[in-house]
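**Q**
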DNA sequence: TTTATTTCTTTACGCGCGTAAAATTTAGAA
DNA sequence: TTCTAAATTTTACGCGCGTAAAGAAATAAA
């Protein structure tokens, strides 16, 4: 990597004394050449500064080493975190992640996929927006490019799905809340874009019913990705009206909870589990910020690491198989209760 | 974009009745051909589904349309937000942003640059880690690729720098704090990686001295990017020891302030400006979450939009000039005071 | 209409690398 | 040592497009 610049593989072949086709094999897979020649090549690589022209390589290869990673919103720390974890796994396996965020816009989501298409990626890991997504176009894309969905499922689209078991995780926290105090109401968006929201709603309802309580839904108006703002506004309303059956609110996700906590604080309500507390609040996701809310947020963590690892693994398997799997697998990981001070 | 798939430009030439060299010109710049032929091509594009092979194009063009955007940490909402804004501006001008985060690691920062190099980008917008960065390697990169630094400056590296005027912004909030209450101590990291931290420290000291107060530095130990955690730990210490000269703390950035607020809450301190408050806390950056802290955080906003727009503009200018500028310009934008409840 | 100018077509080469086929060398086993 | 399988070299072509040069066509100006 130090010495003279080499302009192409031909030139590197002459200075290294290795034929160009062998070099080509080497750069595709260093283990595909004999150990001794591999050493010779690597020695030459120390002396001369050369790396294959990415564009020439990808023009001729059937498949590139690119793997697209598309998330709904990179500005959301939840997705930033999971995207980062996925990235690490992809790099480990010798592929090249291409990270794209859709900023909550279905149009940009499709634009991102079209953009990826021109990169001829070996595969794509897609966390779709959900209800707002252009399902038909996503499906068409999946027909051309091996795609694994994660976080948010869309029925029958993609090779596989990897996500969280909302039934289990919501059941977990509903159980906990009921066991340690009054049964929770459920704060959510009236028309959420993310399909997990629907699953969590249903999971909440059935968990409550199983415990013999009647569910109460608090449905916030509002669209878009400003969840804290939506949670805050609805929180102000809830605090003002004070007509909830109990003192406990479970939020569909942590970002709503963060808004709700902010509203409760502003209204002078004491949130927590101890004596003299007016309100218990719990969330879902273990958002990176939930450790620093006031009070710290009791929530359910999704298994980021497992989801990232599994979805990358499933996609790579699919890529190496070079043919669609016969069935669409769905893998769900269980949530873990994170007990903090808010409930 | 509807009908038959076309496999290459040759084929598209025959079906559209336009010669390939003319098509090539068109795809490079639609305005470089006569209006009437442009219409014919665009009409054909409606009928046939064709787009030039990205890899073949980039192999032959001197410069690609790629522009790298490298930030220290995509998981930090501050950088996620500014990166997103920059992205939008780049797309607007017909270039193609390639977003990379360094996860706080100098090694990954260099890896990102090396990665970009193989993409032969027209230019790069780099927010360096700062002190931890491998300055020599970044400088070497800047010699080969037109690079504009933003957010964090490194002396003499890159074509230009665009950032915030820390002297002005810190002066602003120190003035405000002194005017409306007791002069602030300054909470920061003892050995910050980001050069803005040093500028803010100095700005704090001189602002205090100008107002006739003696500055007090609270220097938190700790490395890395877990600023909330560091702020929390130091906050717990501060709250326990209670040996500050005043009731007011200005934090070097909002993330430290968020940690501090969390510690204050846990200790039962009332933070704010009203009667009966024990502590005033202010931050810097107008972090996306600072609107939802408890209490909401008084801070100084950086002009994200202006920084994004200007840095993209400067880079594009440099790219179109096709030669290094004769002098390295530094553009600083002023901060704006965001008054909320914490101070 | 003639002329000058711009634009387009034709023809041809090159970019850097993947990859196939045949000939040759090498390494390991018999 | 001899044989055999594996690895390498030689040779050659193709990928899809940029781009240069020369001639033809279309447009604008005279």
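Residue numbers (the working numbering), protein chains in the order written: chain A, 1 to 343; chain B, 1001 to 1343. Note that the Cβ used here is the ideal one computed from N, Cα and C, for glycine as well.
Just to make sure I have the definition right: I need the residues of chain A whose C-beta is within less than 8 Å of the C-beta of residue 1065(B). Which are they?
**A** For this step, residue 1065(B) is matched to residue 65 along the second chain. Per Cβ cutoff of 8 Å: no residues; residue 1065(B) is ~12 Å from chain A at best.
**Q** If the cut is a Cβ gap below 7 Å, which residues of chain B does residue 80(A) touch?
**A** The residue labelled residue 80(A) in the question sits at position 80 within the first chain. Within 7 Å Cβ-Cβ: 1074, 1075 and 1080.
**Q** Does any CB atom of chain A fall closer than 8 Å to the CB of residue 1084(B)?
**A** Working through the second chain from its first residue, we reach residue 1084(B) at position 84. It does; some Cβ of chain A falls within 8 Å.
**Q** For a contact defined as C-beta to C-beta under 9 Å, what are the partners of residue 251(A) on chain B?
**A** Numbered from 1 along the first chain, position 251 holds the residue referred to as residue 251(A). Within 9 Å Cβ-Cβ: nothing; residue 251(A) doesn't reach chain B, min ~13 Å.
**Q** Starting from residue 1037(B), follow the alpha helix (DSSP H) in both directions and report where the run begins and ends.
**A** Within the second chain, numbered from 1, the residue matching residue 1037(B) stands at position 37. Here the alpha helix (DSSP H) through residue 1037(B) covers 1035-1047.
**Q** Taking C-beta pairs closer than 7 Å, name the residues in chain A that residue 1103(B) reaches, listed in chain order.
**A** As a first step, residue 1103(B) is located in the second chain; it is residue number 103 there, counting from the start. Under the 7 Å cutoff, chain A gives 84.
**Q** Apart from the five residues just before and just after residue 1306(B), which ones in its own chain have a Cβ nearer than 7 Å to its Cβ?
**A** Locating residue 1306(B) in the second chain gives position 306, where the first residue counts as 1. Cβ within range, chain order: 1333.
**Q** Within the 8 Å Cβ cut-off, does residue 1256(B) reach chain A?
**A** Translated into positions along the second chain, residue 1256(B) becomes position 256. No, because no Cβ of chain A sits closer than 8 Å to the Cβ of residue 1256(B).
**Q** Starting from the beta carbon of residue 133(A), find every residue of chain B whose beta carbon is closer than 9 Å, and list them in chain order.
**A** Position 133 of the first chain, counted from the first residue, corresponds to residue 133(A). Result: empty, since nearest Cβ-Cβ is about 19 Å, beyond 9 Å.
**Q** Which chain B residues are close to residue 23(A), counting only those with a beta carbon under 8 Å from its beta carbon?
**A** By one-based count along the first chain, residue 23(A) stands at place 23. None at all; the shortest Cβ gap to chain B is about 17 Å.
**Q** Report the partner residues of residue 1185(B) according to the DSSP bridge assignment.
**A** Position 185 of the second chain, counted from the start, is the residue given in the question as residue 1185(B). Partner(s): 1249(B).
**Q** Could you tell me the distance, in whole angstroms, from the CA atom of residue 199(A) to the CA atom of residue 97(A)?
**A** Taking the first residue of the first chain as 1, we reach residue 199(A) at position 199. Taking the first residue of the first chain as 1, we reach residue 97(A) at position 97. Straight-line Cα distance between these residues: approximately 30 Å.
**Q** Is the shortest distance between the beta-carbon of residue 47(A) and the beta-carbons of chain B less than 8 Å?
**A** Sequence index remark: in the first chain, residue 47(A) carries index 47 (1-based). No, because no Cβ of chain B sits closer than 8 Å to the Cβ of residue 47(A).
**Q** In the stretch 171-245 of chain A, which residue ranges form an unbroken beta strand (DSSP E) of at least 3 residues, counting only runs that do not cross its ends?
**A** DSSP runs (the beta strand (DSSP E)) wholly in the stretch 171-245 of chain A: 185-189 and 217-220.
**Q** Quick one: Cα of residue 343(A) to Cα of residue 102(A), how far?
**A** Within the first chain, numbered from 1, the residue matching residue 343(A) stands at position 343. Within the first chain, numbered from 1, the residue matching residue 102(A) stands at position 102. Approximately 34 Å between the Cα atoms of the pair.
**Q** Give me the DSSP bridge partner(s) of residue 1149(B).
**A** Counting from one through the second chain, the residue named residue 1149(B) turns up at place 149. Bridge partners of residue 1149(B): 1126(B) and 1161(B).
**Q** Shorter than 8 Å from the beta carbon of residue 1136(B) to some beta carbon of chain A?
**A** Residue numbering aside, residue 1136(B) sits at position 136 when the second chain is read from its first letter. No, its Cβ sits nowhere closer than 8 Å to a Cβ of chain A.
**Q** Rank 1056(B), 1093(B) and 1123(B) by C-alpha distance to the C-alpha of residue 1397(B) and give the top, closest one.
**A** Nothing can be reported for residue 1397(B), as the shown portion of chain B is limited to 1001 through 1343.
**Q** Tell me whether residue 119(A) sits in a helix, a strand or coil according to DSSP, three-state version.
**A** Here residue 119(A) corresponds to residue number 119 of the first chain, with the count starting at 1. Residue 119(A) falls in the coil class under three-state DSSP.
**Q** Whose Cβ in chain A lies nearer than 7 Å to the Cβ of residue 1056(B)?
**A** Residue mapping note: residue 1056(B) aligns to position 56 of the second chain, counting from 1. The contacting residues are 59.
**Q** Using only the alpha-carbon positions, how far apart do residue 1228(B) and residue 151(A) sit?
**A** The sequence position of residue 1228(B) within the second chain is 228, counting from 1. The sequence position of residue 151(A) within the first chain is 151, counting from 1. Distance between the alpha carbons of residue 1228(B) and residue 151(A): 26 Å.
**Q** At a Cβ threshold of 8 Å, is residue 1051(B) touching chain A?
**A** Counting from 1 along the second chain, the entry for residue 1051(B) is found at position 51. For residue 1051(B), the answer is yes, since a Cβ of chain A falls inside 8 Å of its Cβ.
**Q** Skipping 5 residues on each side, what residues in its chain have a beta carbon closer than 7 Å to that of residue 1013(B)?
**A** As a working mapping, residue 1013(B) is identified with position 13 in the second chain. If we look at residue 1013(B) and ignore the five residues flanking it on each side, its Cβ neighbours are 1019, 1020 and 1023.
**Q** Please say whether residue 262(A) and residue 1292(B) have beta carbons closer to each other than 8 Å?
**A** Locating residue 1292(B) in the second chain gives position 292, where the first residue counts as 1. Locating residue 262(A) in the first chain gives position 262, where the first residue counts as 1. Yes. Within cutoff.
**Q** Whose Cβ in chain A lies nearer than 7 Å to the Cβ of residue 1228(B)?
**A** The residue labelled residue 1228(B) in the question sits at position 228 within the second chain. Near residue 1228(B) (Cβ distances below 7 Å), the residues of chain A are 292.
**Q** Check whether the Cβ atoms of residue 86(A) and residue 125(A) lie closer than 8 Å to each other.
**A** As a first step, residue 86(A) must be located in the first chain, where it is residue number 86. As a first step, residue 125(A) must be located in the first chain, where it is residue number 125. Yes, they are a contact pair.
**Q** Mind pulling the beta strand (DSSP E) runs of 3 or more residues that sit fully within the stretch 1057-1083 of chain B?
**A** Segments of the beta strand (DSSP E) lying fully in the stretch 1057-1083 of chain B: 1066-1071.
**Q** Which residues of the stretch 1221-1246 of chain B have a Cβ closer than 9 Å to any Cβ of chain A? Give them in chain order.
**A** So the list reads 1228, 1229, 1231 and 1232, given in the order they occur along the chain.
**Q** Establish whether the CB of residue 1106(B) and some CB of chain A are separated by less than 8 Å.
**A** Stepping through the second chain from its first residue, residue 1106(B) is reached at position 106. Closer than 8 Å: no.
**Q** If we define contact as Cβ-Cβ less than 8 Å, is residue 1259(B) a contact residue for chain A?
**A** Here residue 1259(B) refers to the residue found at position 259 when the second chain is read from its first residue. True, the Cβ-Cβ gap to chain A drops below 8 Å.
**Q** Leaving out the 5 sequence neighbours to the left and right, which residues in its chain are closer than 7 Å to residue 112(A) when beta-carbon positions are compared?
**A** In the first chain, residue 112(A) corresponds to position 112, counting from 1. Here the set comprises 70, 100 and 102.
**Q** Among 117(A), 72(A), 246(A) and 287(A), whose alpha-carbon lies nearest the alpha-carbon of residue 214(A)?
**A** The residue labelled residue 214(A) in the question sits at position 214 within the first chain. Answer by Cα proximity: 246(A).
**Q** Thinking C-alpha only, which one of 1323(B), 1016(B) and 1072(B) is nearest residue 1047(B)?
**A** The residue given as residue 1047(B) occupies position 47 in the second chain. Out of 1323(B), 1016(B) and 1072(B), 1016(B) has the C-alpha closest to the C-alpha of residue 1047(B).
**Q** How would you label residue 107(A), buried or exposed, when you count the other beta carbons within 10 angstroms and need 16 or more for buried?
**A** Within the first chain, the letter at position 107 stands for residue 107(A). Exposed is the call here.
**Q** Residues of chain B with CB under 7 Å from residue 295(A), in chain order?
**A** On the first chain, position 295 is the one that residue 295(A) refers to. 1265, listed in chain order.
**Q** What does the alpha-carbon distance come out to for the pair residue 1054(B) and residue 140(A)?
**A** Within the second chain, numbered from 1, the residue matching residue 1054(B) stands at position 54. Within the first chain, numbered from 1, the residue matching residue 140(A) stands at position 140. Rounded to whole angstroms, residue 1054(B) to residue 140(A) spans 21 Å at the Cα level.
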